[in-house]
Amino acid sequence: MNGYSNAPSDEDSRFQPIIRIDTPTVYLVDDDLNVRKSLQELLDAMGLALRAFSSGEAFLKAYDGSPGCLITDIRTPSGLAGLELQSRLAKTPVSLPLIITAAVADASLAVRAIQNHAVTLIEKPYRDHELIEAIQSALRFDRMHRQQDVKTLEVFKRLATLSANEMQVLELIIEGVTNKVVAKRLDVSIRTVENRRKRIYEKMHTDSVAALVRMVVEARIRTGQSVQQL
73 MNGYSNAPSD EDSRFQPIIR IDTPTVYLVD DDLNVRKSLQ ELLDAMGLAL
123 RAFSSGEAFL KAYDGSPGCL ITDIRTPSGL AGLELQSRLA KTPVSLPLII
173 TAAVADASLA VRAIQNHAVT LIEKPYRDHE LIEAIQSALR FDRMHRQQDV
223 KTLEVFKRLA TLSANEMQVL ELIIEGVTNK VVAKRLDVSI RTVENRRKRI
273 YEKMHTDSVA ALVRMVVEAR IRTGQSVQQL
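So the sequence shown is numbered by this note's numbering: it starts at 73 and just counts up by one.
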């Protein structure tokens with residue numbers, strides 16, 4: 073592959089406005105200009121944009137949560153890289169699938185990559201088609217993850233419309249107790265429980281107990297909350 077990369081340098085990125093777009097971007101953490109140039113040509117053929125950074129710290133400082141994936145070597149001469157960079161990224165409000173390249177992928181690294189579904193490990197030297205497949209897979213994962221995030225956010229927006237009394241009933245619905253038991257625990261009439269359940273279904277946009285419980289439990293699990301605690 074010939075020609076120079078059109079990917080912005082770390083210095084250029086400081087002056088670019090951060091804009092969230094639906095089109096995914098491939099991010100690269102590597103200070104090797106040959107690697108940048110080669111990847112730029114590959115991505116040009118795929119119709120994808122590239123933003124390159126010489127260190128993980130520079131990437132973390134500039135990344136705004138836009139869709140895409142991140143490619144990095146298992147280690148760089150200086151700064152964050154590999155699974156350490158992924159660990160730092162995981163502590164931020166956003167997530168991004170990671171493609172790690174390694175000259176020698178030892179067993180422990182392979183196990184850690186397999187355990188993290190957001191990480192793909194590629195051994196060097198690799199062929200273009202291997203990297204293309206990894207990028208396409210990472211972008212599919214990112215798109216699916218973001219779609220799930222949108223659904224989760226919508227569930228919490230609906231939950232926020234429930235009154236304190238309705239939340240009490242919802243928690244007991246999740247426990248699987250009957251209206252009679254709910255009424256006894258809350259010291260209200262069964263009719264009151266039924267009315268609160270009706271309002272819960274309306275606000276949560278469902279008429280099924282199973283669907284209601286599933287959407288709330290899944291949303292809480294995705295955000296690291298306990299099933300019985302909002």
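Backbone N, C-alpha and C fix where the C-beta goes; we use that ideal spot for every residue, glycine too.
Predicted model only: the values in this text are computed from it and were never measured.
- At a Cβ-Cβ threshold of 8 Å, G154 and I143 do not count as neighbours.
- Residue pairing by DSSP places D145 opposite T173 in a beta bridge.
- For the 8 Å CB-CB criterion, L284 and Y273 form a contact.
- When the beta-carbon positions are compared, P139 and D214 come within less than 8 Å of each other.
- Here the C-alpha atom of V107 lies approximately 50 Å from the C-alpha atom of M276.
- Per the DSSP secondary-structure output, R123 pairs in a beta bridge with Y99.
- Of the candidates A206, P169, T224, R271, R271 places its Cα closest to the Cα of L234.
- For V191, there is no enclosing alpha helix (DSSP H); the residue is part of the beta strand (DSSP E) that begins and ends at 191-195.
- Counting only the Cα atoms, S209 lies some 16 Å from R199.
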